[in-house]
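All remarks here apply to the structure that follows.
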Amino acid sequence: MSLIDFFIRHQREIGQATLEHIWLVGISMLLAVALGVPLGIIVTRHPWLSKPILGGANIAETIPSLALFGFLLPVPWLGDRADRLVITALMLYALLPIIRNTSTGISSVNAAVREAARGMGMTENQILFQVELPLSVPTILAGVRVATVLTIGIATIAAAVGAGGLGEFIFRGLAMVNDQLILAGAIPAAALALLADFILSLLERRLRPAQS
Amino acid sequence: MKVEPDPDSAREPIIEFRKAGYRLPNGQSLLEDVSVAVGRGETLALLGRSGAGKTTALKLINRMLDPSDGEILVEGKSTLRWDAIALRRHIGYVIQEIGLFPHFTIEQNVSLIPRLEQWPAERIRARVKELLSLVGLDPDTFSRRYPHELSGGQRQRVGIARALAVDPPILLMDEPFGALDPLTTGELLKEFQQLQRRLRKTIVMVTHDVGESLLLATRIALLDGGKLAGIFSAREFLSAQEPVAAAYVANFRMYEEAERANEPH
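Protein chains in written order, with this note's numbering: chain A, 8 to 219; chain B, 3 to 267.
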């Protein structure tokens, strides 16, 4: 049986697993942006918090994913359901690029622009929301893009704790020494990563403000 | 030709430095014991070398910096007792790098403070037109453009229009004509002189150019090494004995001498 036949025959299951995968990654990314962008802003406002925040995110980044799932398993509410656990872990992985790019984006806003804004009598919040953040959007989106691609890959390991997704095929294929099964997980996961990368880079380019 | 302030209003100071000084957190002193009063409608040039404390002095006026010693009064009230935001909106601010917002059109740049002050849309539109015409830019051509589509001189005009948006009585300018080519600077200077005569703002400008000071300022405050070396009218400055002032004048005269040397005999 060729690989194409295999994909056609199992298209429903593969589709289902792909949707699960997108859901896991999507929710994790939403949470990571909701948490990471404010943390990135805090880092630029209070430089002394930069070490603990970026350091913490850095540590999360270095923990092997399987081990991180293991560490989170005994945590009360989180460990109760596999998807909660996986979403939390994926979010932790996605945080670092988002925090780092948010703070880089904000601190690379032209000093003259910031001085003019302050000198004209804009409040700190007005400067943040009307000047610094809009000018940082492309940099922040680049962070989101890196984080998304990373998370799509790591999410395949979610199957190890029973959260579903495309990793199911990979693990099953490994156990059964079945290449087609492995590819049924790996190919859609890779395609998903490429697609996300493409869409986010388009968005990034469109939102890049006019620059001198 | 210079703007002569109304003799009566000139006596009423709108900005006043009282033994003002500024030190960095590490203790290094950038400005020491400066006392000078600026009358309403007057144009004061802060002249000096790089590092003389000119920009520091300017930033003390709109609370971009707070004085370490002494005080600065604006409209008779210490800057420390002003709300910083209210003070800055009372004072137009133009810097050399201009700092136009790259993601805003010219119209949005100029109308920023009116928008923050929640002026009605109709009034904002009319004001932007008025301001752009005032600085010699055709509103229909430039309103929708972005800063990077403009030349340096055009951008500087937008910077001045933006600073005048809510018609503040005071204008602070930090080397506003500094980064342009000499011909553009000359054109802008001449136009700005006209503008000054029409608007009668109180202006404090930082410059290291004697010609610019003589052309625009009613008085020149000479700063040297963070200290006030003297305050001169244009006439006094040209014949000043004070060594730094004399050095500036000698330097300025160099061009006249070059001209004389090349005259046909």
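Beta carbons: idealized from backbone N, C-alpha and C, even for Gly.
Euclidean distance between Cα positions of residue i and residue j
i        : j        : result
B/Ile63  : B/Asn28  : 22 Å
A/Phe136 : A/Asp204 : 26 Å
A/Ser208 : A/Ala200 : 12 Å
A/Ser110 : A/Gly150 : 11 Å
B/Arg129 : B/Pro184 : 30 Å
A/Ile49  : A/Ser115 : 15 Å
A/Ala166 : A/Ile113 : 37 Å
B/Glu189 : B/Leu182 : 11 Å
B/Tyr148 : B/Gln110 : 9 Å
A/Ile177 : A/Val184 : 10 Å
A/Arg19  : A/Leu85  : 30 Å
B/Ser11  : B/Glu265 : Because B/Ser11 sits at a pLDDT of 46, beneath the cut-off of 50, its placement in the model cannot be relied upon, and the following sentence gives the value as read from the coordinates. Roughly 45 Å separates the two Cα atoms.
A/Ile206 : A/His28  : 17 Å
B/Lys203 : B/Lys131 : 20 Å
A/Ala182 : A/Arg52  : 50 Å
B/Ala59  : A/Leu75  : 56 Å
B/Lys61  : B/Val206 : 11 Å
A/Val153 : A/Ile159 : 10 Å
A/Ser219 : A/Val82  : Interpretation of A/Ser219 is limited by its pLDDT of 41, a score under 50 that renders its predicted location unreliable; no figure is taken from the coordinates.
B/Arg237 : B/Ala223 : 13 Å
B/Val251 : B/Glu244 : 11 Å
A/Phe13  : A/Gly22  : 13 Å
A/Val44  : A/Ile147 : 8 Å
B/Glu99  : A/Gly126 : 13 Å
Rounded distance between the beta-carbons of residue j and residue i, thought under 8 Å
i        : j        : result
B/Leu138 : B/Arg159 : Before going further, note that residue 138 of chain B is Gly rather than Leu in the sequence given. Confirmed, Cβ separation roughly 6 Å.
A/Ala39  : A/Ala101 : 4 Å
B/Tyr24  : B/Leu67  : 6 Å
A/Leu92  : A/Leu80  : 7 Å
A/Ile106 : A/Ala64  : 5 Å
Residue i versus the options, residue with shortest Cα-Cα distance
i        : options                                   : result
A/Leu99  : A/Leu214, A/Glu211, A/Ala196 and A/Leu37  : A/Leu37
B/Leu174 : B/Ala181, B/Asp183, B/Arg164 and B/Leu182 : B/Arg164
B/Gln195 : B/Thr187, B/Gly213, B/Thr209 and B/Leu218 : B/Leu218
A/Gly77  : A/Glu175, A/Thr95 and A/Gly63             : A/Thr95
B/Gln120 : B/Ala223, B/Ala167, B/Glu265 and B/Ile93  : B/Ala167
B/Ala88  : A/Arg121, A/Ala124 and A/Met129           : A/Met129
B/Glu193 : B/Asp142, B/Arg262 and B/Glu214           : B/Glu214
A/Ala123 : B/Phe179, B/Thr220, B/Arg91 and B/Asp142  : B/Arg91
A/Gly172 : A/Val153, A/Pro59 and A/Ile194            : A/Ile194
B/Gly72  : B/Asp142, B/Thr107, B/Phe19 and B/Leu114  : B/Phe19
B/Phe144 : B/Leu118, B/Val112 and B/Pro116           : B/Val112
A/Ala197 : A/Thr25, A/Trp30 and A/Gly126             : A/Thr25
B/Ser345 : B/Ile17, B/Gln30 and B/Gly43              : Absent from the structure is residue 345 of chain B, since the part of chain B shown begins at 3 and ends at 267.
B/Gly180 : B/Leu197, B/Val208 and B/Arg200           : B/Val208
B/Gly155 : B/Pro170, B/Thr186 and B/Leu136           : B/Thr186
B/Ser31  : B/Gln198, B/His150, B/Ile222 and B/Pro69  : B/Pro69
A/Val32  : A/Glu211, A/Gly174 and A/Arg179           : A/Gly174
B/Arg200 : B/Leu26, B/Gly43 and B/Glu34              : B/Gly43
A/Ala162 : A/Pro71, A/Asp12 and A/Leu46              : A/Pro71
A/Ile134 : B/Glu34, B/Gly101 and B/Arg146            : B/Gly101
Element boundaries [beta strand (DSSP E), containing residue i]
i        : result
B/Glu214 : Taken as a continuous stretch (DSSP letters only), B/Glu214 belongs to no beta strand (DSSP E), being part of the alpha helix (DSSP H) at Val212 to Leu218.
B/Tyr95  : Ile93 to Ile97
B/Lys203 : First-last for B/Lys203: undefined, no H or E at that position.
B/Leu173 : Ile172 to Asp176
Beta-bridge pairing of residue i - partner residues as DSSP gives them
i        : result
B/Ser80  : B/Leu75
B/Arg25  : B/Ser31
B/Ile222 : B/Ala47 and B/Phe234
B/Gly154 : Per DSSP, none; premise fails for B/Gly154.
B/Gly41  : B/Pro15
B/Arg20  : B/Glu73
B/Thr209 : B/Leu49
B/Lys229 : B/Asp226
B/Val36  : B/Ala22
Terminal residues of the alpha helix (DSSP H) in which residue i lies
i        : result
A/Ala96  : Ala89 to Ser114
A/Phe78  : Ser72 to Leu79
A/Trp84  : Pro83 to Gly86
B/Arg125 : Ala123 to Leu136
B/Tyr257 : Pro245 to Ala263
A/Thr25  : Gln18 to Arg52
A/Phe178 : Gly174 to Met183
A/Val156 : Leu140 to Ile161
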